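Protein chains in written order, with this note's numbering: chain A, 4 to 116; chain B, -16 to 95.
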Amino acid sequence: NAGVTQTPKFQVLKTGQSMTLQCAQDMNHNSMYWYRQDPGMGLRLIYYSASEGTTDKGEVPNGYNVSRLNKREFSLRLESAAPSQTSVYFCATLQAGTTDTQYFGPGTRLTVL
Amino acid sequence: AQSVTQLGSHVSVSEGALVLLRCNYSSSVPPYLFWYVQYPNQGLQLLLKYTSAATLVKGINGFEAEFKKSETSFHLTKPSAHMSDAAEYFCAVKGGSYIPTFGRGTSLIVHP
Chain A
4 NAGVTQTPKF QVLKTGQSMT LQCAQDMNHN SMYWYRQDPG MGLRLIYYSA SEGTTDKGEV
64 PNGYNVSRLN KREFSLRLES AAPSQTSVYF CATLQAGTTD TQYFGPGTRL TVL
Chain B
-16 AQSVTQLGSH VSVSEGALVL LRCNYSSSVP PYLFWYVQYP NQGLQLLLKY TSAATLVKGI
44 NGFEAEFKKS ETSFHLTKPS AHMSDAAEYF CAVKGGSYIP TFGRGTSLIV HP
């Protein structure tokens, strides 16, 4: 039972490069989220997926796209990376109506040069 | 609408002293309230939560929080700090939507 896994753990990109952050869960939760964490800013929601087949923008969606591939997997894509996207990215899951607790992955540390 | 305010981005205590981390919230519906802890280079993990049962909630590692509706507060306390408590603490509120709202976090520093 791995919970929430994220790949890669670390990544360095040059401005303009693209990449996809992967998130997978084995908790059978319906809802999945992508956050970014920056010093002094707390967690800011980028995109979320309330259930398989749906995605919605969060607080800071510009420069990102997402895909809810199936119930288990939710990926985050940076099409043309910018230095402002240097951050730590966390994926999280939630099963609404039961515990309502979010479960977080270990994070991806991204640096854009 | 819902929001969370955590007072103090940094709190410094001595080992063995009382820990008090403050959280005030607003919510248009009866909320669920959470405290999460983040140790260095890790993701967040649940410390405790309030879901409309007992107003005094006990969590892991000796932490507890009290839901006070009249004050719209959910402060986190621990009677005696330990060095291993040094971490970032986040308060979160969840109303009727799928989206919890997080505070900006409080970094707890524990001095020997």
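Backbone N, C-alpha and C fix where the C-beta goes; we use that ideal spot for every residue, glycine too. Just so it is clear, the structure is predicted and the values come from calculations on it, not from any experiment.
Is the beta carbon of residue i sitting closer than 7 Å to the one on residue j?
i, j, result
"leucine 1 of chain B", "leucine 59 of chain B", "no"
"serine -8 of chain B", "isoleucine 92 of chain B", "no"
"glutamine 25 of chain A", "serine 78 of chain A", "yes"
"cysteine 94 of chain A", "valine 15 of chain A", "no"
"tyrosine 81 of chain B", "alanine 99 of chain A", "yes"
Residue i: which of the options sits nearest, CA to CA?
i, options, result
"phenylalanine 107 of chain A", "A/Ala99, A/Leu16 and A/Ala27", "A/Ala27"
"alanine 84 of chain A", "A/Ala5, A/Phe13, A/Tyr67 and A/Thr57", "A/Tyr67"
"glycine 74 of chain B", "B/Lys61, B/Pro95 and B/Lys32", "Looking at the sequence itself, residue 74 of chain B is cysteine, so the reference to glycine does not match. Among B/Lys61, B/Pro95 and B/Lys32, the Cα nearest to that of cysteine 74 of chain B is on B/Lys32."
"alanine 48 of chain B", "B/Tyr15, B/Ser(-3) and B/Thr84", "B/Tyr15"
"glycine 121 of chain A", "A/Ser87, A/Val91, A/Phe13 and A/Gln40", "Chain A is shown from 4 up to 116; residue 121 of chain A falls before or after that span and cannot be answered."
"histidine 94 of chain B", "B/Gly86, B/Ser53 and B/Ala69", "B/Ala69"
"lysine 12 of chain A", "A/Tyr92, A/Tyr36 and A/Leu116", "A/Tyr92"
Would you please verify whether the beta carbon of residue i is less than 7 Å from any beta carbon of chain E?
i, result
"leucine 4 of chain B", "In the structure shown, chain E cannot be found, because the protein chains are A and B."
Pull up the DSSP beta-bridge partners for residue i, would you.
i, result
"glutamine 25 of chain B", "Bridge partners of glutamine 25 of chain B: none, in fact."
"tyrosine 33 of chain B", "B/Leu16"
"tyrosine 38 of chain A", "A/Leu48 and A/Phe93"
For residue i, which residues of its own chain have a beta-carbon under 8 Å away from its beta-carbon, when the five flanking residues on both sides are left out?
i, result
"glutamate 55 of chain A", "Asn33, Arg71, Asn73 and Lys74"
"threonine 58 of chain A", "Tyr50, Tyr51, Ser52, Val69, Ser70 and Arg71"
"lysine 17 of chain A", "Ala84, Val115 and Leu116"
Can you look up residue i in the DSSP assignment and give me helix, strand or coil?
i, result
"methionine 66 of chain B", "helix"
"isoleucine 49 of chain A", "strand"
"asparagine 44 of chain B", "helix"
"glutamine 20 of chain A", "coil"
"serine 87 of chain A", "helix"
By Cβ distance, which residues of its chain are closer than 6 Å to residue i, with the 5 residues on each side in sequence left out?
i, result
"lysine 61 of chain B", "Val2, Gly45 and Phe46"
"phenylalanine 50 of chain B", "Tyr33, Thr38 and Phe57"
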